[in-house]
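A quick write-up on the structure given underneath.
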Amino acid sequence: MNNIKALLYFPPFPDIFKRNIDSIMQKRTHNVINEFQKKYNFDILDLTYDKGFSDELFCDWSHLNAEGANLATEKINCYMDKIWGKSDCEKIDER
75 MNNIKALLYF
85 PPFPDIFKRN
95 IDSIMQKRTH
105 NVINEFQKKY
115 NFDILDLTYD
125 KGFSDELFCD
135 WSHLNAEGAN
145 LATEKINCYM
155 DKIWGKSDCE
165 KIDER
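Just add 74 to the spot in the sequence shown (first one is 1) and you have this note's numbering.
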């Protein structure tokens, strides 16, 4: 094996999107993903409801603007560092 680690990422969304997510569909999706996770052993970073992403960080209903993209990148990098044992990123989590 090549010892490759995988990360499944759910991006953040603005409030209007989160208010309109079908909870049954979301639960089914997560159940399927959790089954795959058990089988293939990958990590999941779900920023869907991350409170650090206000509507001002989006350029439309689902796409981050430059500031939002930078924050998402920081959070992804920090998460990978934490789960794969490289560093501690408490400042990013506090946003």
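Using N, Cα and C, we set each Cβ at its ideal position, and we do this for glycine too.
Since this is a predicted model, take the numbers as computed values, not measurements.
With three or more CB-CB distances shorter than 8 angstroms, the region 138-149 counts as touching the region 114-128. Using a Cβ-Cβ distance cut-off of 8 angstroms, the region 131-138 and the region 103-123 are not in contact, since fewer than three pairs of beta carbons, one from each stretch, lie closer than that value. Pairing W135 with F91 gives a Cβ-Cβ distance under 8 angstroms. Of the residues assessed, L138 falls on the buried side of the cut-off, its CB having 16 or more other CB atoms within 10 angstroms. Counting only the Cα atoms, A140 lies some 27 angstroms from Q100.
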